[in-house]
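Engineer: Here it is, the structure, as structure tokens.
Chains as they are written, first to last, in our numbering: chain A, 566 to 818; chain B, 706 to 1020.
Spelled out as structure tokens, the structure:
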């Protein structure tokens, strides 16, 4: 029985997680020129979960959305190939903070009226882990973040969350906003026919500036620097010498 | 203006992260000769509030004691903090599960940005935080009227207990509730070992651990008073549950000492440990990437090293 008519999954294009991050020489930002980009791994897990809910007959439509410039079409099409039904691109060429993203998504939630919003718990570039929580607060919808498992049943969803030192379960009324952990599932590989089909699907484009949202940020990046290099390793011959060194360093008694 | 700190506790005592959070708040306050106020919200948690009054530098404790605050549901806690937010220049929480769940909501309700997981305070409006899993360190300045931040506890020293002056407790009567989210149950590891997030020493295992190695590792950890951690490979091997995962996709840690046993040093793992003060690595493969970040290394077989280490620590 279909419980959720529509699942909305916001996704983000980020640096590929296998690529080594380099900081620009002038310390103004991270250098992303000629860098391989990919879907944020946690976003892909959210899409996979949405597609599985659809395959189980619990949900009937999966809509993916990405905010950014045209380059995000590549990731939107990948997610269509994974099983999403529609893709929305909210076009904007400047980087936005989580709050501005959440405000745009709030407007989209009003427009699309999803029964569930599923998204990654954080992106591996900014590492903020804010968008889901902010969206939930702005829409006044129940929230579960850092979720590794969901069970949907008659208008409610039971979410298992990772917390410090264990897990906890919360029961949310639908619609709700749920942000997912990497451990939730293993995303599938898209099949060739689905990839071909995704190429032909039209991406629905909207302009961020038409949303009536203040897109200015009050955060200013002063400097981006590489992390401090750790000193060269000192190889020791055995346990006794190691414990001696650790003792001298004052980290064990 | 005043800095508001949201304290974390289990309704009986303050968590270690809160002491570190309060010292970060004192650093922020010092730049403007501001004061620090700490909010304790929970159920039957007066003891926690009393504990906070003894921390040096804390001016006042706000105590919100109601059944609905017991489980720290983010929908409820964010509204509670939001109701009191207008009197403060900064609101700070630890970047723990609780803080990360509720704090972005406070920021959204106030229509301001959140600065996540700061690791250093430059001034009252400029802060340092890692991005790209610690591969880029950002210094940023906030122009928001109320600055919302979470704090990476491991990057700060613990606040000290004061011998003389005690803060006052003010009971706040806010009665916030939320009907559409229900707390069901929590399942916590029963281990008596310290939390990964705040442990001074972590003994961590990887794929290279011998199949029957865990009992020895547990003994070693207990002799050191250490927490146990693991790489993704060790979890896949079934040595420990995924609650123990250290790295980009698990816990980011910064202990005084990180002992990596049979850990190869994949980027995901290394990203989560490189703020450790000392990293000691033992691996049979001398080319293992873990030696690139380690301070001390032994190239050796864990089958023989683990018993030696356990024995050496007995004395």
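The C-beta atom is built at its ideal place from N, Cα and C for all residues, glycine as well.
This one's a predicted model, so the numbers in the text were calculated from it and none came from an experiment.
Could you work out which residues of chain A lie near residue 780(B), taking near to mean beta carbons separated by less than 7 Å?
Structural biologist: 707, 708
Engineer: Pull up the distance between the alpha-carbon of residue 1013(B) and that of residue 992(B), whole angstroms please.
Structural biologist: One alpha carbon belongs to residue 1013(B), the other to residue 992(B), and they sit about 23 Å apart.
Engineer: Assign residue 747(A) to one of two classes, buried (16 or more other C-beta atoms within 10 Å of its C-beta) or exposed (fewer than that).
Structural biologist: Buried, because 16 or more other Cβ atoms sit within 10 Å of the Cβ of residue 747(A).
Engineer: Are at least three pairs of beta-carbons, each pair with one atom in the stretch 917–933 of chain B and one in the stretch 743–757 of chain B, less than 8 Å apart?
Structural biologist: Not touching, per the Cβ criterion.
Engineer: Under 8 Å: do the stretch 726–744 of chain A and the stretch 684–700 of chain A share three or more Cβ pairs, one atom per stretch?
Structural biologist: yes
Engineer: Just how far apart, CA to CA, sit residue 615(A) and residue 578(A)?
Structural biologist: 18 Å
Engineer: In its own chain, which residues sit with a C-beta less than 7 Å from the C-beta of residue 1029(B), not counting the 5 before and 5 after it?
Structural biologist: In the structure displayed, chain B extends from 706 to 1020; residue 1029(B) sits before or after that span and is not available.
Engineer: Using a C-beta cutoff of 7 Å, does residue 861(B) count as contacting chain A?
Structural biologist: Interface residue (Cβ-Cβ distance to chain A less than 7 Å): residue 861(B) is not classified as such.
Engineer: So residue 662(A) contacts chain B; which residues on that side make the cut at Cβ distance below 7 Å?
Structural biologist: 818
Engineer: Closer than 7 Å between beta carbons: that is the criterion. Which residues of the stretch 886–901 of chain B meet it against chain A?
Structural biologist: 886, 887, 888, 889, 890, 891, 892, 893, 894, 900
Engineer: By DSSP's criteria, residue 795(B) is part of a beta bridge. Which residues make up the other side?
Structural biologist: Partner(s): 708(B), 852(B).
Engineer: Quick test of the definition: if touching needs 3 or more C-beta pairs under 8 Å, does the stretch 630–642 of chain A touch the stretch 655–666 of chain A?
Structural biologist: yes
Engineer: For residue 829(B), I'd like the list of residues in its chain whose CB is within less than 7 Å of its CB, leaving aside the five on either flank, ordered along the chain.
Structural biologist: 733, 736, 737
Engineer: Quick one, which of 763(B), 748(B), 1008(B), 721(B) has its alpha-carbon nearest residue 868(B)'s?
Structural biologist: For residue 868(B), the nearest C-alpha among the options comes from 763(B).
Engineer: Cutting at 6 Å between CB atoms, please list the residues of its own chain near residue 854(B), excluding the five before and the five after it.
Structural biologist: So the qualifying residues of the chain are 797, 820, 823.
Engineer: Establish whether the CB of residue 509(A) and some CB of chain B are separated by less than 7 Å.
Structural biologist: Absent from the model: residue 509(A). The displayed extent of chain A is 566 to 818, so no value can be given.
Engineer: How about residue 672(A): is its C-beta nearer than 7 Å to some C-beta of chain B?
Structural biologist: no
Engineer: Counting only the same chain and skipping the five closest in sequence on each side, list residues whose C-beta sits under 6 Å from that of residue 766(A).
Structural biologist: 645
Engineer: Taking contact to mean 3 or more Cβ pairs, one atom from each stretch, closer than 8 Å, check whether the stretch 955–967 of chain B and the stretch 896–908 of chain B are in contact.
Structural biologist: Short answer: they touch.
Engineer: Among the candidates 974(B), 776(B), 1004(B), 1005(B), whose CA atom is the shortest distance from the CA of residue 1036(B)?
Structural biologist: Coverage of chain B is limited to positions 706 through 1020, which leaves residue 1036(B) absent and any answer about it impossible.
Engineer: Taking the C-alpha atoms as reference points, what is the distance between residue 778(A) and residue 951(B)?
Structural biologist: 38 Å
Engineer: Checking contacts by CB at 7 Å: is residue 917(B) closer than that to chain A?
Structural biologist: no
Engineer: Indicate whether the contact test is met: 3 or more Cβ pairs, each with one atom in the stretch 753–760 of chain A and one in the stretch 803–816 of chain B, closer than 8 Å.
Structural biologist: no
Engineer: If you compare alpha carbons, which of 789(B), 722(B), 834(B), 803(B) is closest to residue 784(A)?
Structural biologist: 834(B)
Engineer: Per DSSP, residue 912(B) forms a beta bridge with which residues?
Structural biologist: Bridge partners of residue 912(B): none, in fact.
Engineer: Identify the residues that DSSP records as bridge partners of residue 708(A): which are they?
Structural biologist: Per DSSP, 742(A).
Engineer: So who's on the other strand from residue 832(B), going by DSSP bridges?
Structural biologist: 826(B), 845(B)
Engineer: How would you call residue 585(A), buried or exposed, if buried means at least 16 neighbouring beta carbons within 10 angstroms?
Structural biologist: Counting Cβ neighbours within 10 Å, residue 585(A) comes out exposed, since fewer than 16 surround it.
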